[in-house]
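K.L.:
Submitted below is the structure of interest, expressed as structure tokens.
Number of protein chains: 2
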Amino acid sequence: MNKSKEFLYPQKWLSKASTGDRVAHELRMRIISGLIESDTTLSENKLAAEFEVSRSPIREALKTLSSENIIRLEKMGAIVIGLTEKEIEEIYDVRLLIETFVFERLVKMDTSELTMELSKIVEMMKVAVKYQDADEFSYQDVLFHETIIRSVDHSYILMIWNNLKPVMESFILLSMRVRFKEKYDDFTRIVKNHELYIDAIKTKDRNLMIKSLHENFDDVQGKVEDLWRSQQMLSKGAEQQDD
Amino acid sequence: MNKSKEFLYPQKWLSKASTGDRVAHELRMRIISGLIESDTTLSENKLAAEFEVSRSPIREALKTLSSENIIRLEKMGAIVIGLTEKEIEEIYDVRLLIETFVFERLVKMDTSELTMELSKIVEMMKVAVKYQDADEFSYQDVLFHETIIRSVDHSYILMIWNNLKPVMESFILLSMRVRFKEKYDDFTRIVKNHELYIDAIKTKDRNLMIKSLHENFDDVQGKVEDLWRSQQMLSKGAEQQDD
DNA sequence: TCATGTATACCTGTATACAAGTATTATAAA
DNA sequence: TTTATAATACTTGTATACAGGTATACATGA
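The structure is reproduced here in structure tokens:
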């Protein structure tokens, strides 16, 4: 698909994806990682040439990315918006908003099945930590929250999640990769926070839920400066990533 | 664009829209009005033939509609989901969620400019009522809330709004058209609710805001059964609509 | 030097062509 | 009559072609 063989997005997650999806995922990673800078103008033709595909899947990808608010489609070309710290905070505003909403539904439900499922995911996270698999860890992290959100069966909350997810996934992926190298011991705390979250669901304890959610955010978000600092290095060292 | 000359969506709102957008708006109206029933399978080729355009804009439209959760893209064809009462309630859950969030931001801001803008919109609504222009009224109603949401400058809240807006707009449009015929006097109450909303913003009164918002929802949502009942009639009488 | 017009090279939006996959229907065999 | 298989009529995904439109650079005139 691409003349350069460097992919930021885990290729094994794209086994059944269309070309358009692949392009979208890869472009998203490059934008969020800073490899493609903000205010860059992307042209369909150039992207098509670079990815060695036709304009059709490129168009599809650009439309997707524009609905995620990381690019802006204009008359001539697509302008990269990217993620500033403001946007990252905004994403977490929204996450807090929807997860709080979801929690209010959960307290009225039987959550035994859900907590079982979540426990399984946390086990997976532990294994990912053990084997230092940042991508797998990120995957399970995102899955954890998605599982909670899906459990309340609310199609428009799910719609919000679906719009947010790709950007978040990319951001978490990049963030975790850096921190697996630099701050390995953080992960025991992240896992612990997720276990706290499960407890909150089990005991229907709002405060505990908010607390663990906030701490979880701080864990990803708090050291954002570190991430940006490490970003260039990460991007340039991206060829080591699996594909 | 269409061999049949009946459009549910106001054509003058589409002056600068692309073919894909036009198709999306029209399809959305047909789906939400019930003209196209739930579980119907839409094929790109058939739609292209019906709208007398190529598959490209149809594809674009279907992608848009799928991101709005009113159709589901599958291996063969797009399945119409439509709007059941459950989904309408869910939409208002989300509106309540984001407008409450926005209000919390507003109470920390200078809102004099905003309330001025909103007053203007309410004036417009009154004129629309006076001249029995259901479409114009709907437009101003949606604009009212969009103006509030935009005022806090939160790109991801705006993203949610942008995803919700088209479906809501269509729903409100259809709902108002029926009620302008059947329940003309309701509109003075709706206008009053919006004035209450402005007061709430001016006085930073959370409870008043929630109250007016709820009543506003009830006004649209409460008589949903009526809407569905009138739906068929409306759809069949759609050729009278402006274009 | 600055303004205006024009050629040119690019861009998107739409149409069309083609390839590969899937459901369906008809046909053949048991 | 039922089952299995092959033909066929669809479907989407991608590539390509074409038609406007837009920006840029350059030349021409004041």
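Those protein sequences? They're chains L and P, same order as listed.
Each residue of the first sequence is one higher than the last, beginning at 1 in my numbering.
Each residue of the second sequence is one higher than the last, beginning at 1001 in my numbering.
For each residue, glycine too, the CB sits at the ideal point set by N, CA and C.
Small disclaimer: the values here were computed from a predicted structure and weren't measured.
1) Is there a Cβ of chain P sitting closer than 8 angstroms to that of Asp39(L), yes or no?
2) Let me see if you follow: with CB-CB separation under 8 angstroms, is Asn1002(P) close to chain L or not?
3) Listed in chain order, which residues of the stretch 137 to 165 of chain L have Cβ atoms closer than 9 angstroms to some Cβ of chain P?
4) Beta carbons nearer than 8 angstroms to chain P: which residues of the stretch 14 to 46 of chain L have them?
5) Start and end of the beta strand (DSSP E) containing Val1080(P)?
6) Bridge partners of Leu1073(P), per DSSP?
7) Near Val1142(P), what residues of its chain come up, given a Cβ to Cβ distance below 8 angstroms and the 5 sequence neighbours on each side ignored?
8) Using CA atoms only, rank isn't needed, just tell me which of Lys108(L), Phe103(L) and Thr147(L) is closest to Val122(L).
9) So is Ala24(L) buried or exposed if we call it buried at 16+ other beta carbons inside 10 Å?
10) Comparing alpha-carbon positions, which option in Val1191(P), Glu1068(P), Lys1204(P) and Lys1202(P) lies nearest Val1080(P)?
11) Taking only the alpha-carbon atoms, compute the straight-line gap between Ser18(L) and Arg1059(P) and give it to the nearest angstrom.
12) List the residues of chain L whose Cβ lies closer than 7 angstroms to the Cβ of Phe1101(P), in chain order.
13) Write down every uninterrupted run of the alpha helix (DSSP H) in the stretch 1141 to 1225 of chain P whose length is 4 residues or greater and which is fully enclosed by it, in chain order.
14) At a Cβ threshold of 8 angstroms, is Val53(L) touching chain P?
15) In the structure shown, what three-state DSSP assignment does Thr1041(P) receive?
16) Which runs of the alpha helix (DSSP H) spanning at least 4 residues fall entirely within the stretch 45 to 120 of chain L, listed in chain order?
17) Does DSSP put Lys1012(P) in a helix, in a strand, or in coil?
18) Between which two residues does the alpha helix (DSSP H) harbouring Ser1018(P) extend?
19) Which same chain residues end up closer than 7 angstroms to Phe1103(P) when comparing Cβ atoms and leaving out the 5 residues on each side of it in sequence?
20) Report the neighbours of Val1107(P) on chain L: residues whose CB is nearer than 7 angstroms to its CB, in chain order.
21) Using a Cβ-Cβ distance cut-off of 8 angstroms, determine whether Ser112(L) contacts chain P.
22) Within 10 Å of its beta-carbon, does Trp1013(P) have 16 or more other beta-carbons around it, so buried, or fewer, so exposed?
23) Is there a Cβ from chain P that is less than 8 angstroms from the Cβ of Val80(L)?
24) Helix, strand or coil: which one does DSSP assign to Glu1136(P)?
25) Taking 8 angstroms as the cut-off, decide whether the C-beta atoms of Leu118(L) and Ile198(L) are in contact.
26) Quick one: is Ser112(L) buried, meaning 16 or more other Cβ sit within 10 Å of its Cβ, or exposed?
27) Are the C-beta of Lys63(L) and some C-beta of chain P separated by less than 8 angstroms?
28) Cα-Cα, which of Ala48(L), Val178(L) and Glu6(L) is closest to Val133(L)?
29) Return no unless some Cβ of chain L is closer than 8 angstroms to the Cβ of Ile1091(P).
30) Would you kindly work out how many angstroms separate the C-alpha atoms of Glu215(L) and Ile201(L), rounded to a whole number?
P.N.:
Walking through what the data contain:
1) no
2) Here the model assigns Asn1002(P) a pLDDT of 49, short of 50, so the residue's position is not dependable, and the following value carries that caveat. So, not an interface residue.
3) His154, Ser155, Tyr156, Ile157, Leu158, Met159, Ile160, Asn162, Asn163 and Leu164
4) none
5) Ala1078 to Val1080
6) Ala1078(P)
7) Lys1165, Met1168, Glu1169 and Ile1172
8) Thr147(L)
9) buried
10) Glu1068(P)
11) 15 angstroms
12) Leu97
13) 1155 to 1182, 1186 to 1203 and 1206 to 1221
14) no
15) strand
16) 55 to 67 and 85 to 106
17) helix
18) Note, Ser1018(P): premise wrong, no alpha helix (DSSP H); not H, not E.
19) Arg1206 and Met1209
20) By Cβ distance, chain L contributes nothing, its closest Cβ being about 16 angstroms from Val1107(P), past 7 angstroms.
21) no
22) exposed
23) no
24) helix
25) yes
26) exposed
27) yes
28) For clarity, residue 133(L) is Asp in the given sequence; the question names Val instead. Considering only alpha carbons, the answer is Val178(L).
29) yes
30) 16 angstroms
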